[in-house]
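Add 342 to a position in the sequence shown, counting from 1, and you land on the number used in this note's numbering. Even for Gly, the Cβ is constructed at its ideal location relative to N, Cα and C. For clarity, every value in this text was computed on a predicted model and none was experimentally measured.
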Amino acid sequence: MIEVLWHGRGGQGAFTAARLLGAAGSLEPGRYGLAFPSFGPERRGAPMRAFTKLDTRPVGDRSAIAAADFVVYLDETLLGPEWRGELKPGGLALVNSTRAIEDPQLLAIDASGISRSVLGRDIPNTVFLAALCLLAEGLSTQAAKEAIAQYMAPKLHERNWAVVDAVEELAAAGGLKPADAGAHDASAAAGSSPAGGEDPVQRRAGVLIPTLRHGELDPAVYARNTCWEAGYLVSRNAGWRTVRPVLSEEGCTSCLQCYMQCPDGTIFKTDDGRLAIDYEFCKGCGICAKACGFGCIQMQPEGGAR
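Written out as structure tokens, the structure is:
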């Protein structure tokens, strides 16, 4: 069985890609596919997961995948320091990134760049669908195109087929080959993250605050350190933010329109009178940037801002 774990954000099309991959697999003679999502009631942009299982026998197991042959990160900010733990031995993780990554188990693809150039929008799911059809045994890009034809609206066919063609061109140019194993240094073997991820458990003011990237904390510990009386803002952005506001002091008149319109109260004045943003709680909604009449707040991609 080939198992694929998808990490994405609400609205990026992770479940759509999981379904299309399952459909592409089932179109091949003697093969079967199953896809299902895992998400809660969060808003658009919140982290979610989806799963695809492919086999030569009918697949009835709908349990979540703990260790996969392929793990896909549609958003680079979701790649945490424990990413290796989700891979089977010899597995491969694919991440939406423009960075050069020297790790034989991690393949960076500029999926956002490809989708923007072909679709005109940052919807990276079809890029990874095509990549997996080229990397996984028993799949083909022709099956991916047929799945798109069967399960997408007709108006989306041509451009998504063009995305598949673009990934084929990338593969022909050698762009779907992971780094050589010899280029992987000993730090990765020790468990370090090539993404430069944060410590999944943050320590602040003597309190242990678990985050979504850490799944081994006892629920009682999590509740004791995250449940407070009403009125306290203690839960971090929960991974929702994909862009962050960056404040330029040049031109700022301290009109405080951004401060007054921030729904989470994350903009504040420092002791020296300047404005600052508390990124531990900012959700990247962009309201402050729209409220600033002087263009002093720009929204920048979260991955590039770190």
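Other residues of its chain near residue i: CB distance less than 6 angstroms, five sequence neighbours each side excluded
{"i": "A486", "result": "A366, L471, A472, C475, V506"}
{"i": "S439", "result": "E418, A450"}
{"i": "E511", "result": "none"}
{"i": "A356", "result": "W348, G350, A392, L416"}
Nearest-angstrom Cα separation, counted from residue j out to residue i
{"i": "E418", "j": "G645", "result": "7 angstroms"}
{"i": "V509", "j": "S590", "result": "38 angstroms"}
{"i": "P496", "j": "L362", "result": "15 angstroms"}
{"i": "A377", "j": "D452", "result": "24 angstroms"}
{"i": "Q484", "j": "G427", "result": "32 angstroms"}
{"i": "T358", "j": "E444", "result": "30 angstroms"}
{"i": "V460", "j": "P466", "result": "11 angstroms"}
{"i": "Q640", "j": "M343", "result": "46 angstroms"}
{"i": "G372", "j": "Q492", "result": "19 angstroms"}
{"i": "G593", "j": "L369", "result": "59 angstroms"}
{"i": "H349", "j": "F381", "result": "11 angstroms"}
{"i": "C597", "j": "P587", "result": "17 angstroms"}
{"i": "E424", "j": "M390", "result": "17 angstroms"}
{"i": "A618", "j": "L347", "result": "38 angstroms"}
{"i": "T398", "j": "G375", "result": "9 angstroms"}
{"i": "C638", "j": "Q354", "result": "29 angstroms"}
For residue i: DSSP bridge partner residues
{"i": "S380", "result": "R391"}
{"i": "V413", "result": "L347, A435"}
{"i": "K611", "result": "L617"}
{"i": "V588", "result": "Q640"}
{"i": "G375", "result": "L396"}
Residue range of the unbroken beta strand (DSSP E) whose run includes residue i
{"i": "M641", "result": "639-643"}
Near the ligand ADP: residue i beta-carbon under 6 angstroms from a heavy atom
{"i": "L369", "result": "Absent from the structure shown: the ligand ADP. Ligands present: none."}
Same chain, Cβ closer than 8 angstroms to residue i, five either side skipped, listed in chain order
{"i": "G433", "result": "A409, A410, D411, F412, V413, Q447"}
{"i": "A360", "result": "V346, W348, A377, F378, P379, A392, F393, T394"}
Beta-carbon proximity list for residue i, same chain, < 7 angstroms, skipping 5 on both sides
{"i": "W503", "result": "K487, I490"}
{"i": "E345", "result": "K395, I407, A410, D411"}
{"i": "R501", "result": "V460, L461"}
{"i": "Q603", "result": "I629, C630, A633"}
{"i": "S454", "result": "N438, D464, P466"}
{"i": "L429", "result": "A409, A410, V413, A435, Q447"}
Enclosing alpha helix (DSSP H) for residue i [first to last residue]
{"i": "V506", "result": "499-514"}
{"i": "R361", "result": "356-369"}
{"i": "K632", "result": "629-633"}
{"i": "M602", "result": "599-603"}
Min CB distance residue i to chain C below 7 angstroms
{"i": "G433", "result": "Given the protein chain composition of this structure (a single chain), no chain C is represented."}
Secondary structure, beta strand (DSSP E): runs of 3+ residues fully inside the stretch 412-491: 429-438, 448-451
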